[in-house]
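I have placed the structure first, in the form of structure tokens, so that the comments after it can refer back to it.
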Amino acid sequence: MEAREGQLLYSALCYEAGHPRRTQHILKVYALAKLLGQQAGLEEKQEEILGAGAILHDIAIKYCKDHGGAASQAEQQQAAPALVSDFLAKAGYPAEVLPNVLELVLHHHEYRRPHGQLMQLLMEADLIVNCYECPPDPARRQEIEAVFQTDQGKTLLALCLQSL
Ligand SMILES: [Fe+2]
5 MEAREGQLLY
15 SALCYEAGHP
25 RRTQHILKVY
35 ALAKLLGQQA
45 GLEEKQEEIL
55 GAGAILHDIA
65 IKYCKDHGGA
75 ASQAEQQQAA
85 PALVSDFLAK
95 AGYPAEVLPN
105 VLELVLHHHE
115 YRRPHGQLMQ
125 LLMEADLIVN
135 CYECPPDPAR
145 RQEIEAVFQT
155 DQGKTLLALC
165 LQSL
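Quick note on the working numbering: the sequence shown kicks off at 5 and runs consecutively.
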């Protein structure tokens, strides 16, 4: 892990202030996204963007809730740009990574929106973790399975679903 990636993860965990579900969600999605990225043979720069996106992908939830919101997708998308920019800058990331990391944060739930490899990997990591955290019903399972494209993601999702 690059020093700034460690700093970003640390600052995100501190921001969550020990909130059990969100803290563990960050750690799990981060680990799985990094794994899928390595298995996909990502270049170092791309892997770093994916790592930062995974750490920050749900960062706006606490902010929205703290400010009286319900943390709907629209609320999160409104709050995310300033938060993501601030977290990245404080951890020492160059400004040039912001647009790509922000893209991951803003759109990782928009499964049908055309997207690139990094978004795909984050979506798969997030969905696998979400299935463990909140087992889907049969109809939802099919929707989730249809999102997956990578062999490793499909394998890990299948292992997860068969265990629920
Ligand atoms: Fe998530």
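Glycine included, C-beta positions come from ideal geometry on N, C-alpha and C.
Given the structure is predicted, the values throughout are model-derived calculations rather than measurements.
Note to self: The alpha helix (DSSP H) that contains GLY41, what's its start and end?
What the structure shows: Counting along the chain, the unbroken alpha helix (DSSP H) around GLY41 starts and ends at 24–43.
Check: With 16 other CB atoms within 10 Å as the buried threshold, where does ALA58 fall?
Finding: buried
Next item on the list: Compare the Cα-Cα distances from ALA84 to each of LEU102, GLY73 and VAL109 and report the closest residue.
Entry: VAL109
Note to self: Looking at LEU54: is its Cβ nearer than 8 Å to the Cβ of LEU161?
What the structure shows: no
Notebook entry, point to check: So, do the stretch 115–132 and the stretch 12–24 have three or more beta carbon pairs nearer to each other than 8 Å?
Noted result: no
Note to self: Our contact map puts LYS66 next to ARG25 with C-beta atoms below 8 Å; I'd like the distance itself, whole angstroms only.
What the structure shows: At roughly 11 Å, the Cβ-Cβ gap does not stay under 8 Å, so LYS66 and ARG25 are not in contact.
Check: First and last residue of the alpha helix (DSSP H) that includes ALA99?
Finding: Going by DSSP, ALA99 is part of no alpha helix (DSSP H) at all; its letter is neither H nor E.
Item checked: Beta carbon proximity, GLU137 to chain B, threshold 8 Å -> Protein chains in the displayed structure number just one, and chain B is not present.
Next item on the list: Use the C-beta contact count for GLN80: other C-beta atoms within 10 angstroms, 16 or more gives buried, fewer gives exposed.
Entry: buried
Item checked: Cα-Cα separation, HIS23 to ARG116 -> So the alpha carbons of these two residues sit roughly 31 Å apart.
Note to self: Counting beta carbon pairs with one atom in the stretch 26–38 and one in the stretch 130–149, are three or more of them shorter than 8 Å?
What the structure shows: yes
Notebook entry, point to check: Excluding sequence positions up to five away, which residues of its chain have a Cβ less than 7 Å from the Cβ of PHE91?
Noted result: LEU12, SER15, ALA16, LEU60 and ILE63
Check: Just curious, the alpha helix (DSSP H) that GLN124 is in, first and last residue?
Finding: 121–137
Notebook entry, point to check: Just how far apart, CA to CA, sit GLN82 and VAL105?
Noted result: 15 Å
Notebook entry, point to check: What do you reckon, is the C-beta of HIS119 under 7 Å from a heavy atom of ligand 1?
Noted result: no
Margin query: Relative to the C-alpha of SER89, which candidate in SER76, PRO103, GLN77 and ALA78 has its C-alpha closest?
Written below: PRO103
Note to self: Is VAL33 near ligand 1 - that is, is its Cβ less than 7 Å away from at least one heavy atom of it?
What the structure shows: yes
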